[in-house]
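A.B. asks: Take this structure first; my questions come after.
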Amino acid sequence: MELSEIASVDNYPNLPNKALYLAGLIKIDSGMTTSAIFEFLELLYTNPIPKKALKKIEQELYSGSIKTAKEILMEHIKKCLICYEILKEPYDLSCKHSFHKTCLRENAIKQLLTTDKISCPVCNSYIENPGDIDQDIIMMINDFILAKKLSERNFQCCPGCNNLFEIANQGIVTCPICLVKFCTLCSKAESGCSCQSYCQACNGCYVGKVCRDCFGSNLFYS
21 MELSEIASVD NYPNLPNKAL YLAGLIKIDS GMTTSAIFEF LELLYTNPIP
71 KKALKKIEQE LYSGSIKTAK EILMEHIKKC LICYEILKEP YDLSCKHSFH
121 KTCLRENAIK QLLTTDKISC PVCNSYIENP GDIDQDIIMM INDFILAKKL
171 SERNFQCCPG CNNLFEIANQ GIVTCPICLV KFCTLCSKAE SGCSCQSYCQ
221 ACNGCYVGKV CRDCFGSNLF YS
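Numbering (our numbering), first residue to last: 21 to 242.
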């Protein structure tokens, strides 16, 4: 190993002193690039590998069995359970499943299309603090809850001034802001719609004028 290559160990300050010696052995036995060797050693010494497994890996490296050492190492390296890439900075949920934060964020956004609860993609346990993944997720959850609440109520947008207001029944309504009267289904102003020519009955009580084209033919003349 050249001196210039040995100097690259400075880029991996978390490696123990014996890593430099192992790097030399791997270089001789495998022909791997220096950067690949140090990346391998970084995985070995910066992940929570059981002591017994770590000792076995080092023995394999000392004896020149690089392939076996890699196989043992990969058995103990955490992988993101969404993309299945190696986790260098794992984000652990309370259910003990680990992910990349970026992968978990993308999965959470997909979940928010149908629910206001974020759960683990593996076991479906609810994530208690989704804001720890990304603060934007809290805003998305609030938006979802608001949209759901609004969808359960009867709101109408005025075609005249774009004011959004709640209505009691479908039919001809009057905007409380600009006082334009319009049909709630076709959104046409009363003057451009035949709604005023028809009415609808509910339990024998007059509800309001409605358009035959919008609300169907089960109507009678006023």
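A virtual CB, placed ideally from N, CA and C, is assigned to each residue, including glycine.
Predicted, not measured: the structure shown is a model, and the values here were computed from it.
Do you know whose CA, among Asn183, Ile165, Ile92, lies nearest Ser80's CA?
C.D. replies: Residue 80 is actually Glu in this sequence, not Ser. Considering only alpha carbons, the answer is Ile92.
A.B. asks: Measure the Cβ-Cβ separation of His120 and Val142 and say whether it is below 7 Å.
C.D. replies: Not closer than 7 Å, so no.
A.B. asks: Give the secondary structure of Ile192 by DSSP, where H, G and I count as helix, E and B as strand, and everything else as coil.
C.D. replies: Strand at Ile192.
A.B. asks: Touch check for the stretch 57-69 and the stretch 89-104: three-plus C-beta pairs under 8 Å?
C.D. replies: Touching, yes, given that three or more Cβ pairs across the two stretches are closer than 8 Å.
A.B. asks: Judging by CA-CA distance, which residue of Met159, Pro110, Leu113 is the nearest neighbour of Ile129?
C.D. replies: Answer by Cα proximity: Met159.
A.B. asks: Kindly list the residues whose CB is nearer than 8 Å to the CB of Ser139, restricted to its own chain and excluding five residues on each side of it in sequence; keep chain order.
C.D. replies: Once the five neighbours on either side are set aside, the close Cβ partners of Ser139 are Gln131, Ser145, Tyr146, Ile147.
A.B. asks: Assuming contact is defined by CB atoms lying nearer than 7 Å, are Cys181 and Cys198 in contact in what I supplied?
C.D. replies: The answer is yes: Cβ separation under 7 Å.
A.B. asks: Who are the Cβ neighbours of Ser217 in its own chain at under 6 Å, not counting the five residues just before and after it?
C.D. replies: For Ser217, the predicted model reports a pLDDT of 44, less than 50, meaning its position is unreliable; a value from the coordinates is still stated below. Excluding sequence neighbours, Ser217 sits near nothing in its chain.
A.B. asks: Measure from the alpha carbon of Asn183 to the alpha carbon of each residue in Cys195, Asn189, Thr88, then state which is nearest.
C.D. replies: Of the candidates Cys195, Asn189, Thr88, the one whose C-alpha sits nearest the C-alpha of Asn183 is Cys195.
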